[in-house]
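Enquirer: Counting from 30, one number per residue, gives the positions in the sequence shown under the working numbering. Think of the CB as a built atom: it goes at the ideal place given N, C-alpha and C, for glycine as much as any other residue.
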Amino acid sequence: MQWAVITGAFLASAVEFVEAFTIVLVVGVTINWRSSLLGAVAAAATLALIVATFGVAIVRFVPLDILRLIIGVLLILFGLKWLKKAILRYSGLKALHDEEAIFEETMAEVRARGETVSPRIQPFGLALSYKAVLLEG
Numbered sequence: 030m031q032w033a034v035i036t037g038a039f040l041a042s043a044v045e046f047v048e049a050f051t052i053v054l055v056v057g058v059t060i061n062w063r064s065s066l067l068g069a070v071a072a073a074a075t076l077a078l079i080v081a082t083f084g085v086a087i088v089r090f091v092p093l094d095i096l097r098l099i100i101g102v103l104l105i106l107f108g109l110k111w112l113k114k115a116i117l118r119y120s121g122l123k124a125l126h127d128e129e130a131i132f133e134e135t136m137a138e139v140r141a142r143g144e145t146v147s148p149r150i151q152p153f154g155l156a157l158s159y160k161a162v163l164l165e166g
């Protein structure tokens, strides 16, 4: 039973990783890799700090049964939302999720901003990469 849970969690995390990686890749290709990777590392450090700070507090001060109830309700709500999106995509009422199209769209937006490739850290590229990794992480 635990392997099924671990595999499911890993695959769900892999999907989020691909979405964040797409934006980090766009920033690296269009602006520069320094800004892109620095933003991604900073966001990962921020997430680690949030988990280290609030994770211990939640486990210490919130009773386990209440924590399980809250997480269960959230999982059901997110699961129903994902099920709805899957049904709409399968029926053709919603476009399929296409990472290549997202890559091209984000690349066009970055190029339209007029950011040039330079070895210096670009604040826009750093912020875009940071936001993507933080929100998808």
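Give a yes or no on contact between the segment 147-160 and the segment 36-44, applying the rule of three or more CB pairs nearer than 8 Å.
Expert: As far as the Cβ criterion goes, the segment 147-160 does not touch the segment 36-44, which means the pair count is below three.
Enquirer: Buried or exposed: T59, going by 16 or more other Cβ atoms within 10 Å of its Cβ?
Expert: The residue in question, T59, is buried, as its Cβ has 16 or more Cβ neighbours within 10 Å.
Enquirer: Are the beta-carbon atoms belonging to V53 and S64 less than 8 Å from one another?
Expert: No.
Enquirer: Does F151 pass the burial test, meaning 16 or more other C-beta atoms within 10 Å, or should it be called exposed?
Expert: What sits at residue 151 in the sequence shown is Gln, not Phe. The residue in question, Q151, is buried, as its Cβ has 16 or more Cβ neighbours within 10 Å.
Enquirer: For a minimum of 3 consecutive residues, which ranges assigned as the beta strand (DSSP E) are wholly contained in the segment 131-160?
Expert: Counting only runs of 3 or more, we get nothing.
Enquirer: Taking only the alpha-carbon atoms, compute the straight-line gap between V85 and L78 and give it to the nearest angstrom.
Expert: Going by the C-alpha atoms only, they are around 11 Å apart.
Enquirer: For L155, is the classification buried or exposed, using 16 other Cβ atoms within 10 angstroms of its Cβ as the cut-off for buried?
Expert: Buried is the call here.
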